[in-house]
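S.K.: I have a structure I would like to understand better, so I am pasting it below and will then ask my questions one at a time.
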Amino acid sequence: MSKIDVHDIIDNAGFTRFHWMVMALCALLLIFDGYDLFIYGVVLPAIMQEWGLTPLEAGALGSYALFGMMFGALAFGTLADRIGRKKGIAICFALFSTATIVNGFASNPTEFGICRFLAGLGCGGLMPNAVALMNEYAPKRLRSTLVAVMFSGYSLGGMLAAGVGIYMLPRFGWESMFFAAGVPLLLLPLILWKLPESVGFLVRQGRHAQARAILQRIAPDVSLANGGELVMSENKGHGVAVFELFREGRALRTLCLWLAFFCCLLMVYALSSWLPKLMASAGYSLGSSLSFLLALNFGGMAGAILGGWLGDRFNLSKVMVAFFVAAAVSISLLGFKSAPALLYLLIFIAGATTIGTQILLYAAAAQFYGLSIRSTGLGWASGIGRNGAIVGPLLGGALMGINLPLQLNFMAFAVPGAVAALAMTLFAISSQRRRNAALGTAVAAS
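Note that the numbering used here has the sequence shown beginning at 21, numbered continuously upward.
What follows is the structure, encoded as structure tokens:
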């Protein structure tokens, strides 16, 4: 019986309508995911005033969703390797949308925090699974670009939250921002109908007819003989899945990825939670401070697409090192008085090199880990990184509470950028050494 290599077909396929569909559906999911995550920064000034919260209490409240995201990424990333990514994504989508709607009925910080935690579980689980699914189906030459374009939906969600907030907050109150999350639930049947299951999961489950049908849509010009056996060109890991992340020379690079995720998410959520409040404290109106959040997310979308394009043409790790350095510099400069045009430019660059680089980190992790441990690898990297996301709002609240000058607040937010740049430099050096060692072994064997 002839053998058909699944990876070979996907890697060498042309860009088809199937790829457009997967990218569009995953991007749509991440638009709603991004809306849900950035909503807290939008409503923060209003709820601080209504409930009389101190900056530290507000920072802690903002971290509840991020605690949920940490547990959600760890749990749903591993679970999806067992039940399939499509089911994992659907469960996460329904969970965070429902919890966000209920959040609009919260009457005190405790109820608010519980709803944010539940919403965070779904948000944290959806991200790594959507990235893994897009990465699995993307042709090799376009992989970083397609994952980045798909993940730009996350930034669009942040822009949507800021735009909706500018209109709805003064007219209908902060609760209306959460009720608007009911709209995405109407699309759940479409997601269940159109979103494909992981072809690797189908093959491992022995559902070869479904896997063959998907492969035919990916590569319509390839003849898939009915008698051909579908095979995967890698061995499945043994033992506990998380231990696989440290085997076969992956330990150092796994730790570097985790540190980079931690630092990057700290910067993203410190800025997304506190930028409007910091700018309002600096004398800008609520509408102006929310427009800064809009610029931050617009930069994130542009940075993700540019970074993905650069990553497919150059070394993705080196691209991220440059982005992290730019993030540290631009965030440091935000605390100094600047002309409005320069201020918006710095915020745009900060968004491009924090939110955008977060997306590139997901793409790098998806390419680094093999298919059998990809969801687990992404889930753990995202879950460990969520500790940084938790620290971000808390750090902002602590800094606001001790009334530091604006410049020192932003400098504190910039330090993780320099640390992340060092981590990805080490990741790139280790990867190059492994490639050189493998090449030397191959030459010696020949």
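Heads up, the beta-carbon is just placed ideally off N, CA and C, and yes, glycines get one too.
Note that this is a predicted model, so its numbers are computed, not measured.
Would the region 158–178 count as touching the region 42–62 if we require 3 or more Cβ pairs under 8 Å?
M.R.: Taking 8 Å as the limit for Cβ pairs, the verdict is that the region 42–62 does touch the region 158–178.
S.K.: Once you ignore the five residues that flank Tyr364 on each side, which residues in its own chain have a CB closer than 6 Å to its CB?
M.R.: Closer than 6 Å at the Cβ level, and outside the excluded window around Tyr364, lie Ala315.
S.K.: Helix, strand or coil for Glu499? Go by DSSP, reduced to three states.
M.R.: The chain is shown only over 21 to 466; residue 499 falls outside these bounds and no answer can be derived.
S.K.: Since I believe Gly88 is in contact with Leu138 (beta carbons under 8 Å), could you give me their beta-carbon distance rounded to a whole number of angstroms?
M.R.: That pair is a contact at about 6 Å.
S.K.: What's the call for Asp25, buried or exposed, on a 16-neighbour Cβ count within 10 Å?
M.R.: Asp25 is exposed by the Cβ-count criterion.
S.K.: For Gly79 and Pro413, what's the separation of their Cα atoms in angstroms?
M.R.: Cα to Cα, Gly79 sits roughly 5 Å from Pro413.
S.K.: Give me, in chain order, the residues of the same chain whose beta-carbon lies closer than 7 Å to that of Leu99; leave out the 5 immediate sequence neighbours on both sides.
M.R.: If we look at Leu99 and ignore the five residues flanking it on each side, its Cβ neighbours are Gly108.
S.K.: Which of the three DSSP states, helix, strand or coil, is assigned to Ile24?
M.R.: In this structure, Ile24 counts as strand in the three-state DSSP scheme.
S.K.: Output needed for Ser293: all residues of its chain with C-beta closer than 8 Å, excluding positions within five of it in sequence on either side, in chain order.
M.R.: So the qualifying residues of the chain are Tyr60, Gly61, Leu64, Gly79, Gly82, Gly412, Pro413, Gly416.
S.K.: Roughly how many angstroms separate the alpha carbons of His27 and Leu235, rounded to a whole number?
M.R.: Cα to Cα, His27 sits roughly 10 Å from Leu235.
S.K.: With H, G and I counted as helix, E and B as strand and the rest as coil, what does DSSP make of Pro360?
M.R.: DSSP places Pro360 in helix when its eight states are reduced to three.
S.K.: In whole angstroms, what separates the C-alpha of Asn335 from that of Gly193?
M.R.: Rounded to whole angstroms, Asn335 to Gly193 spans 46 Å at the Cα level.
S.K.: Report the residue from Lys357, Val339, Ile369 whose alpha carbon sits nearest the alpha carbon of Ala14.
M.R.: Residue coverage of the chain in this structure runs from 21 to 466, which leaves residue 14 outside it and unanswerable.
S.K.: Closer than 8 Å is the cut-off here; do at least three beta carbon pairs connect the region 135–153 with the region 111–120?
M.R.: Touching, yes, given that three or more Cβ pairs across the two stretches are closer than 8 Å.
S.K.: Could you tell me which of Lys106, Phe52, Cys284, Leu326 sits nearest to Phe198, measuring between CA atoms?
M.R.: If we check each option's Cα against that of Phe198, Phe52 comes out closest.
S.K.: My understanding is that Phe91 touches Asn149, with C-beta atoms under 8 Å, so please give their C-beta distance in whole angstroms.
M.R.: Actually they do not touch by this definition, with Cβ atoms about 15 Å apart.
S.K.: Skipping 5 residues on each side, what residues in its chain have a beta carbon closer than 8 Å to that of Trp71?
M.R.: Closer than 8 Å at Cβ, skipping near neighbours: Asn128, Pro129.
S.K.: Could you tell me the boundaries of the alpha helix (DSSP H) in which Asn335 lies?
M.R.: Counting along the chain, Asn335 falls outside any alpha helix (DSSP H), and DSSP gives it neither H nor E.
S.K.: Going along the chain, which residues of its own chain have a beta-carbon closer than 6 Å to the beta-carbon of Arg237, five neighbours each way excluded?
M.R.: Phe38.
S.K.: Which of the three DSSP states, helix, strand or coil, is assigned to Trp99?
M.R.: The amino acid occupying residue 99 in the given sequence is Leu; Trp does not appear at that position. The answer is helix: DSSP assigns Leu99 an H, G or I state.
S.K.: Please report the residue range of the alpha helix (DSSP H) in which Phe192 lies.
M.R.: Looking at the DSSP string, the run of the alpha helix (DSSP H) that includes Phe192 is 163–192.
S.K.: Do Gly327 and Ala93 have their beta-carbon atoms positioned less than 8 Å apart in this structure?
M.R.: No, these two residues do not count as a Cβ contact at 8 Å.
S.K.: Does DSSP put Val242 in a helix, in a strand, or in coil?
M.R.: Looking at Val242 - three-state DSSP - the assignment turns out to be coil, as it is neither helix nor strand.
S.K.: My assumption, with CB atoms under 8 Å, is that Pro159 sits in contact with Ala33. Please give the rounded CB distance.
M.R.: Correct: roughly 5 Å between the Cβ atoms.
S.K.: Below 6 Å CB to CB, which residues in the same chain sit around Asp405 once its five sequence neighbours on both sides are set aside?
M.R.: The displayed chain sequence assigns Gly, not Asp, to residue 405. Cβ neighbours of Gly405 beyond the five flanking positions: Phe281, Phe282, Leu285.
S.K.: Looking at C-alpha atoms only, which residue of Ile367, Met68, Gly319, Ala384 is the closest neighbour of Val341?
M.R.: Of Ile367, Met68, Gly319, Ala384, the residue nearest in Cα terms is Ala384.
S.K.: What is the DSSP secondary structure of Ser450, reduced to helix, strand or coil?
M.R.: Here Ser450 sits in helix by DSSP.
S.K.: Where does the unbroken alpha helix (DSSP H) through Tyr157 begin, and where does it stop?
M.R.: First-last of the alpha helix (DSSP H) with Tyr157: 129–157.
S.K.: What distance in whole Å lies between the Cβ atoms of Ala152 and Arg105, which are believed to be in contact at a cut-off of 8 Å?
M.R.: At roughly 6 Å, the Cβ-Cβ gap stays under 8 Å, so Arg105 and Ala152 are in contact.
S.K.: Roughly how many whole angstroms lie between the Cα atoms of Ser451 and Tyr289?
M.R.: The alpha-carbon atoms of Ser451 and Tyr289 are separated by roughly 29 Å.
S.K.: Would you mind stating whether Ile393 and Gly323 have Cβ atoms separated by less than 8 Å?
M.R.: Result no, Cβ atoms of Ile393 and Gly323 do not sit closer than 8 Å.
S.K.: Between Leu426 and Gly355, which are expected to be in contact by the criterion C-beta below 8 Å, what is the C-beta distance as a whole number of angstroms?
M.R.: Right, the Cβ-Cβ distance comes to about 5 Å (below 8 Å), so this counts as a contact.
S.K.: Please classify Arg406: does DSSP put it in a helix, a strand, or coil?
M.R.: If DSSP states are grouped into helix, strand and coil, Arg406 belongs with the helices.
S.K.: Would Leu208 be called buried (16 or more neighbouring beta carbons within 10 Å of its own) or exposed?
M.R.: Exposed, by the Cβ-count rule.
S.K.: Quick one: what does DSSP say Gly259 is sitting in, helix, strand or coil?
M.R.: Residue placement at Gly259 is poorly supported in this model, since its pLDDT is 42, which falls under 50; the coordinates still yield a value, given next. Gly259: coil per DSSP, three-state reduction.
S.K.: Just how far apart, CA to CA, sit Met188 and Ala457?
M.R.: So the alpha carbons of these two residues sit roughly 58 Å apart.
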